[in-house]
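Enquirer: In this text, residue positions in the sequence shown follow the UniProt record's numbering: the first is 1, and each later residue adds one. Glycine included, each C-beta is placed from N, C-alpha and C at the ideal position. My structure is below; once you've seen it, I'll send some questions.
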Amino acid sequence: MYLLKPIQMLKFYPPTGLDRSATNSFRPDASWVSRLTCLVVFLLLSLSSPLLAQYNSNAVTVAGTGTAGSAANQLDSPFGIYVDEAGSMYVADYNNHRVQKWASGATSGTTVAGTGTAGSAANQLNHPLGVYVDGAGAIYVSDTDNNRVQKWASGATSGTTVAGTGTAGSAANQLNYPIGIYVDGAGATYVADASNSRIQKWAAGATSGTTVAGGNGQGSAANQLWSAAGVYIDGAGAIYVADGGNNRIQKWASGATSGTTVAGTGVYGPASNQLSYPFAVYVDGAGTMYVSDQQSHRIQKWTAGATSGTTVAGGYGNDALVPYQLNYPRGIYLDRAGAIYVADQRNNRIQKFSRINPLVNPSLTIATTSQTSCTGASVSFTATSTNGGTSPAYQWKKNGSNVGTSDATYTDAALTSGDVINCVLTSNDQWASPTTATSNSLTMTVNPLLTPALTLAITTGSQTSYAGTAITFTATPINGGTNPRYQWRKNGTNVGTNSATYTDFALANNDLISCILVSNVTCYTTPTADSNSLKMTVIALVTPTLTIATGSQTNCAGKSVSFTATPTNGGSSPAYQWKKNGSNVGTNSATYTDAALANNDVISCVLTSNAPGTTTSTATSNSLTMTVNPLLTPALTLAITTGSQTSYAGTAITFTAMPTNGGTNPAYQWKKNGSNVGTNTATYTDFALANNDVISCVLTSNVTCPTTPTATSNDLTMTVIALVTPTLTIATTSSQTSCAGTSVSFTATPTNGGSSPAYQWKKNGSNVGTNTATYTDAALANSDVISCVLTSNAPGTTTSTATSNSLTMTVNARPDAPALTPASSSLAATLTPLSLTSFALATTGNSLHFFQAGGSELSPPTVSIATAGVMSFSVGQTNNASGCKSLLTPLSLTITATPTSQTVCRSSNATLNVTLVGTAFQWYKNGTTTANKLTELTSAQRGTTTATLTLVNLQTTADYYCKITTSTGVQTVGPLKVSVNFGCSARPAAEEADLQLLVLVRPNPIVDGHLRALVKGAQGQALNVALYSLQGELVNQQVWPSAPAEVNLDWDISQRTTGVLLLRAQTPTQQQTIKIIQN
């Protein structure tokens, strides 16, 4: 059918440049002629193209004004577009760095992503090109110049990055100029990564993407893309790519490694089978593609399998004033009615091309009277269609297989449970899209035919019972339905109620019980069923009795008495309730034992029989009245009636037993240390007691009711003291060897000395000291003998006195006090510690000891003399053999001040003096080792072996030392610091300019593994000398904060492999590098 649009409905927009006169006539210029030509071409095409006639050629502007701007009703280079189910448009507003949402029919948009200002913050965009909205209303934006995809949750004020890092790149987690995007139902984001010529798929929540199309470099091969701009995913997961640089649409089946060309020839051009840098693609449910052919300014429609396309919008030029024209169409989207929305980029608007006849969606619903039926029942299904056309076709399906005829009803008498019935409608409505629709599915429940049955059982009681017993019968139905009915029968006569249970209290022997079931199941073979019959056996009743007995009804208090019950007709598990004076006692047992009976207590028992068929369940026994005598407890106490518990050996001691509750004829058994002694009497005498002997007695009572027949007395533990002999031992608290004049103490240790022992000390047999356990003597002579005599006052001794051991003393003489050496006691202050051993002379066999003024010994005898002043000491000597010490000799030293440090100008001279008298002098610099020793050098220093050192042309700060040989040894004076002030100089500027950094290496090449070098020209400056390999590895390094005039190096590099090394010397202002060869 051809559709011709009346010419009067076309609206012309006169171009600028028309010459209008007062009569409103005009003369067309070249621009107007061009537009008229376009109109003629459009009319001819409208007449010749039925496909084009599906759409209104004049579009309606639904967003933007056609003029670039940032107001709410304006756009500036719109690119991507998405239309939701409600008809709202989402536009990627490229130059306004935002996404605008235009509600259906709105005249202005609302910013839903971005701020309108370019930026990379979470709430900003930078030239967005693509937009997509998922089912939850989240907005996905291809933030192109930020090389990322931002997701803005519905209503959010900022986005989160779901693809890309924000930095251009080709890694799996990067993007480079992303354009088109698509989000599938699983939340995976597909991105047209234009500059990487690939399509990246980012699963929901993933931190990197997977290449699903292209990615093999820029090119035109089947597995390559070139500046991919648009991407669309169909229902089968196939990927459609607007392969702009290759002027084609590529389709990549799900999982494929290369694509097939489904639109375009790959050659740029405006022919119907060509494309000119396609930007976007949309695929409808029928597989028809809609392509924004941007540089041909048209929208091409390619049906599935077609080799050429049809222009359905634009294609006649790029004049913004003509509503059917497009100027670089970019994004494209179709709504549910088939209307095409186009982002008309250079016209700064969104154009909507509506169908002349909007598309309709066919739908189909099927129903049946019930989805539940019986096996073999015939079930009918009815289909109700919408938009099916004048002659809809139906294909019924059973479990996915075709059944029935092309009719709106289908009947099936062979359904089984779980069968699924649905139907596919094929509409013949010419505007149906798609043309088919699948109905809802009905899952059938088919119940089998069931046969009712009924079984009886006794649930309370048994088939054999006693007269009067209640027996409950329970009916268990099979296939009885949800509400079965019951008719109970006794000996063939109806009894009971319509219930699954029946209880009878009056059964007689040989009664017959049965039941009839009436089932209400849906699908049954017969509605009733007879149960089995139960024939009853009924037994006559009996009466229970009980008798109790015990061994004796007369007992002692506390004695355990047992009672036994003998039942008649008690059953298999009779129960017993014992009673004492009418109160319950005991447990449910045929015996009862009581150890707490009182006189005249009455015991009885009540039987509860569980025997079946009894006239009564309980029976009370006979009663037993008890006679109970009280209990008496025997006791026995021992006492000493002659002597005491503590005595000396050989003393006679008499013990007496005093009973309680012993009866009329008590018996006694005396015990000594657990063994029987003595006779059966209340007294016992012992002459041979030993220390710690234990005396006790056992009473045997003859009272009537004793708690126990025997009682054991208390124990009497005897203390028997043996006769002892006193002794005495003496010892010295220090040693039997001492020095003359040393006070020595002796201590006496007695044994059996009593509470107040007496002591008589003796020296060489003569009495000395006082009556104490200690004796001190400071006038002992060699070979003196010390002893002591003890007089004991302890009881029970064999003798009252004892003489101690003798101690023979060794007393050594003390050495004389040491003499001081005749040396000067005046010394110059120095940092070198001073040994005092040179100031005193020890005699043969003795050692010197030096002490500070406070008395503490100096060990080692070395002191600091860095500070001027007078120092006092004392010195003594100790005999090496005996350890005896001499008296102390005082020693005094006078320390004189050292020369002070000084500061001079650079290049000046300085003089250092020492005042200490000596026989030889040697000056050192920055240390006192041999390497620091100064020698005569006219240009640097003079007087290096005298008391006065002259320093010439000073360039660096240094510490100086002087070693002086004196009569008491070598003393070191120093450090004497000479600081060089670089702020002043005694040297002409011209001379300083001659100080060039110089590095000399000899020999080079190196032959013995030692690098020897001389560095000059760094005086007073920071110097860094380093050795490197050619690869930059640091081999060795040395740094001087303030370098001397000459620096000599001697580095051991023998562990390095042979080859070329670089030696670099560097100051803040100069640098020299020397190539070294290591052989």
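(1) With DSSP collapsed to three states, give me the class of Thr-749.
(2) Following the continuous beta strand (DSSP E) through Ile-721, name the residue where it begins and the one where it ends.
(3) In terms of residues, what are the limits of the beta strand (DSSP E) holding Ala-113?
(4) Exposed or buried, what is Arg-98 when buried is set at 16 or more other beta-carbons lying within 10 Å of its beta-carbon?
(5) Can you tell me which of Ser-1054, Cys-984, Thr-966, Thr-587 puts its alpha carbon nearest to the alpha carbon of Asp-1008?
(6) Quick one: is Arg-330 buried, meaning 16 or more other Cβ sit within 10 Å of its Cβ, or exposed?
(7) Tell me whether Asn-1048 sits in a helix, a strand or coil according to DSSP, three-state version.
(8) Looking at the unbroken beta strand (DSSP E) that takes in Cys-905, where does it start and where does it end?
(9) Would you say Lys-762 touches the ligand NAD, meaning its beta carbon is less than 6 Å from a heavy atom?
(10) Can you look up residue 1090 in the DSSP assignment and give me helix, strand or coil?
(11) Please report the straight-line C-alpha distance between Asn-196 and Gly-215, rounded to a whole angstrom.
(12) Look at the Cβ atom of Val-538, then the Cβ atom of Asn-569, and state whether they are nearer than 7 Å.
(13) Using the C-alpha atoms, what's the distance from Ala-881 back to Ala-690?
(14) Kindly list the residues whose CB is nearer than 6 Å to the CB of Gly-237, restricted to its own chain and excluding five residues on each side of it in sequence; keep chain order.
(15) What number of angstroms, rounded off, separates the C-alpha of Cys-38 from the C-alpha of Asp-344?
(16) In the DSSP assignment, the beta strand (DSSP E) including Cys-697 goes from what residue to what residue?
(17) Quick check: the Cα distance between Asn-247 and Gln-300, rounded to an integer number of angstroms?
(18) First and last residue of the beta strand (DSSP E) that includes Leu-934?
(19) Three-state secondary structure (DSSP) at Arg-346?
(20) Between the alpha carbons of Phe-353 and Ala-339, how many angstroms are there, rounded?
(21) Mind checking Met-626: buried by the 16 CB within 10 Å criterion, or exposed?
(22) Kindly indicate which three-state DSSP category Phe-505 falls into: helix, strand or coil?
(23) Count the other CB atoms within 10 Å of the CB of Asp-686; is the residue buried (16 or more) or exposed (fewer)?
(24) According to the neighbour-count rule (16 or more other Cβ atoms, all chains shown, within 10 Å of its Cβ), is His-1010 buried or exposed?
(25) Is the region 583 to 596 touching the region 631 to 650, taking contact as three or more C-beta pairs under 8 Å?
(26) Label Tyr-82 either buried or exposed according to how many other C-beta atoms from any shown protein chain fall within 10 Å of its C-beta, with 16 as the threshold for buried.
(27) Residue range of the beta strand (DSSP E) that Leu-334 falls in?
(28) So, is Gly-264 buried or exposed, given that buried needs 16 or more other C-beta atoms within 10 angstroms?
(29) Looking only at its own chain, which residues have a Cβ that is under 8 Å from the Cβ of Ala-842, when we skip the five neighbours before and after it?
(30) How about the region 432 to 451 and the region 360 to 373: do they share at least three Cβ pairs that are nearer than 8 Å?
(31) Report the start-end ranges of each beta strand (DSSP E) in the UniProt repeat "NHL" (166 to 205) that is 3 residues or longer and not cut off at the edges.
(32) Grab the span of the beta strand (DSSP E) containing Met-658 for me, first residue to last.
(33) Would you please state the rounded distance, in angstroms, between the beta carbons of Tyr-182 and Tyr-132? I believe it to be under 8 Å.
(34) According to DSSP, what are the bridge partners of Asp-293?
(35) According to the neighbour-count rule (16 or more other Cβ atoms, all chains shown, within 10 Å of its Cβ), is Ala-611 buried or exposed?
(36) Return the CA-CA distance between Ser-838 and Gly-918, expressed in angstroms with no decimal places.
Expert: The relevant details are as follows:
(1) DSSP places Thr-749 in strand when its eight states are reduced to three.
(2) 719 to 721
(3) 110 to 113
(4) buried
(5) When each option's Cα is compared against that of Asp-1008, the closest is Ser-1054.
(6) buried
(7) For Asn-1048, the secondary structure class from DSSP, reduced to helix, strand or coil, is strand.
(8) 902 to 906
(9) Among the components of this structure there are no ligands whatsoever, and the ligand NAD is therefore not found.
(10) The first residue shown for the chain is 1 and the last is 1079, placing residue 1090 beyond what the model contains.
(11) 7 Å
(12) no
(13) 58 Å
(14) Ser-254
(15) Because the pLDDT at Cys-38 is just 42, under 50, the model does not fix this residue reliably, and the value given afterwards should be weighed accordingly. Whole-angstrom Cα-Cα distance: 18 Å.
(16) 694 to 700
(17) Each residue's alpha carbon lies about 13 Å from the other.
(18) From DSSP, Leu-934 is part of no beta strand (DSSP E); its letter is neither H nor E.
(19) helix
(20) 6 Å
(21) buried
(22) coil
(23) buried
(24) Taking all protein chains shown into account, His-1010 has fewer than 16 neighbouring C-beta atoms within 10 Å of its C-beta and is therefore exposed.
(25) no
(26) By the neighbour-count rule (16 or more Cβ atoms within 10 Å), Tyr-82 is buried.
(27) 329 to 334
(28) buried
(29) Closer than 8 Å at the Cβ level, and outside the excluded window around Ala-842, lie Pro-818, Leu-848, Gln-877.
(30) yes
(31) 178 to 183, 189 to 193, 198 to 202
(32) 653 to 660
(33) Yes, Tyr-182 and Tyr-132 are in contact; Cβ-Cβ is about 6 Å, under 8 Å.
(34) Asp-293 is bridged by DSSP to Pro-278, Arg-298.
(35) A buried status is given to Ala-611, since no fewer than 16 other beta-carbon atoms sit within 10 Å of its beta-carbon.
(36) 16 Å
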